[in-house]
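Sequence order for the protein chains is A and B.
According to the numbering used here, the stretch in the first sequence is residues 617 to 729, in order.
According to the numbering used here, the stretch in the second sequence is residues 374 to 484, in order.
Don't be surprised by glycine CBs; every beta carbon is placed ideally from N, CA and C.
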Amino acid sequence: KAGVTQTPRYLIKTRGQQVTLSCSPISGHRSVSWYQQTPGQGLQFLFEYFSETQRNKGNFPGRFSGRQFSNSRSEMNVSTLELGDSALYLCASSLLTGGSGYTFGSGTRLTVV
Amino acid sequence: GQNIDQPTEMTATEGAIVQINCTYQTSGFNGLFWYQQHAGEAPTFLSYNVLDGLEEKGRFSSFLSRSKGYSYLLLKELQMKDSASYLCAVRDENAGNMLTFGGGTRLMVKP
């Protein structure tokens, strides 16, 4: 079966712009979680969506938002980009909420210049 | 909140055994996961412990002691392809059962 698909793989944006990242989970998975990965901070939890509802949210500013559609695909949006937002953004899907059996996508590498 | 600590880097020799430790503090422990991540790739699931003891899966084993807030990942018969980052993650039922990751341990396997 197809894995977790994240698009785009690479992205370069300018400070102040906004960006939308997409994640298509494994078929049948209803939970999608987003993480930011940087060399200094490791994997930091952004938010989790389950059946179109945000279930959990990490400690990120309001510039970071997300949503989930009825087909379980999820998007995350970052507005007013800052240099510090440069990171690998990983999406993980699972059947149930709560981190069970996470399958990660290959991520979107965002560079803010 | 949660605090998860693991060594930043380790080096080992091909064919040897290496143990990667992880300590954690959490209010509602509900499972510990180990993931492997090769550079530029997605993390992949290695193991899951929720009860004390050792879980063995081929060359990889993972141990958990809940009373000590301690886990380790044991890699035997190291191969060059085992060079990767190893991520320890804890699930906390008091935090919506979400996973919190440690900073990861970068393992370099040398010939």
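Alpha carbon of residue i to alpha carbon of residue j, nearest angstrom
i, j, result
"residue 727 (chain A)", "residue 414 (chain B)", "17 Å"
"residue 678 (chain A)", "residue 434 (chain B)", "40 Å"
"residue 630 (chain A)", "residue 441 (chain B)", "47 Å"
"residue 484 (chain B)", "residue 446 (chain B)", "21 Å"
"residue 647 (chain A)", "residue 667 (chain A)", "7 Å"
"residue 672 (chain A)", "residue 470 (chain B)", "9 Å"
"residue 417 (chain B)", "residue 632 (chain A)", "34 Å"
"residue 419 (chain B)", "residue 431 (chain B)", "11 Å"
"residue 467 (chain B)", "residue 457 (chain B)", "31 Å"
"residue 389 (chain B)", "residue 462 (chain B)", "25 Å"
"residue 675 (chain A)", "residue 391 (chain B)", "34 Å"
"residue 460 (chain B)", "residue 398 (chain B)", "16 Å"
"residue 700 (chain A)", "residue 642 (chain A)", "30 Å"
"residue 717 (chain A)", "residue 426 (chain B)", "20 Å"
"residue 407 (chain B)", "residue 693 (chain A)", "29 Å"
"residue 479 (chain B)", "residue 624 (chain A)", "26 Å"
Per-residue contacts from residue i into chain A (C-beta, under 7 Å)
i, result
"residue 416 (chain B)", "720"
"residue 460 (chain B)", "659"
"residue 476 (chain B)", "658"
Presumed contact (8 Å Cβ cut-off) between residue i and residue j, rounded CB distance
i, j, result
"residue 709 (chain A)", "residue 719 (chain A)", "6 Å"
"residue 650 (chain A)", "residue 659 (chain A)", "About 10 Å; that fails the 8 Å criterion."
"residue 722 (chain A)", "residue 622 (chain A)", "6 Å"
"residue 475 (chain B)", "residue 378 (chain B)", "6 Å"
"residue 644 (chain A)", "residue 706 (chain A)", "With a Cβ gap of about 20 Å, residue 644 (chain A) and residue 706 (chain A) do not count as contacting."
"residue 465 (chain B)", "residue 482 (chain B)", "Contact flag wrong, Cβ pair sits at about 32 Å."
Proximal residues of chain A, C-beta to C-beta of residue i below 8 Å
i, result
"residue 473 (chain B)", "661"
Under the three-state DSSP convention, the category residue i falls into
i, result
"residue 712 (chain A)", "coil"
"residue 468 (chain B)", "helix"
"residue 454 (chain B)", "helix"
"residue 701 (chain A)", "helix"
"residue 676 (chain A)", "coil"
"residue 378 (chain B)", "strand"
"residue 682 (chain A)", "strand"
"residue 393 (chain B)", "strand"
"residue 622 (chain A)", "strand"
"residue 687 (chain A)", "coil"
7 Å Cβ cut-off: residues of chain B touching residue i
i, result
"residue 691 (chain A)", "The premise fails here: residue 691 (chain A) is roughly 18 Å from chain B at the closest Cβ pair, so nothing lies under 7 Å."
Residue from the options with nearest C-alpha to residue i
i, options, result
"residue 688 (chain A)", "A:634, A:624, A:638", "A:638"
"residue 396 (chain B)", "B:431, B:424, B:437", "B:437"
"residue 387 (chain B)", "B:439, B:461, B:452, B:402", "B:452"
"residue 695 (chain A)", "A:705, A:681, A:704", "A:681"
"residue 450 (chain B)", "B:385, B:381, B:380", "B:385"
"residue 626 (chain A)", "A:665, A:635, A:642, A:686", "A:635"
"residue 439 (chain B)", "B:401, B:482, B:380", "B:401"
"residue 665 (chain A)", "A:684, A:655, A:657, A:656", "A:684"
"residue 640 (chain A)", "A:690, A:704, A:697", "A:690"
"residue 669 (chain A)", "A:704, A:693, A:729, A:686", "A:686"
"residue 424 (chain B)", "B:412, B:411, B:405", "B:405"
Chain B contact residues for residue i, given Cβ-Cβ distances below 9 Å
i, result
"residue 706 (chain A)", "415, 416"
Cross-chain neighbours of residue i in chain B, by beta carbon under 8 Å
i, result
"residue 723 (chain A)", "415"
"residue 672 (chain A)", "468, 469, 471"
"residue 664 (chain A)", "469, 471"
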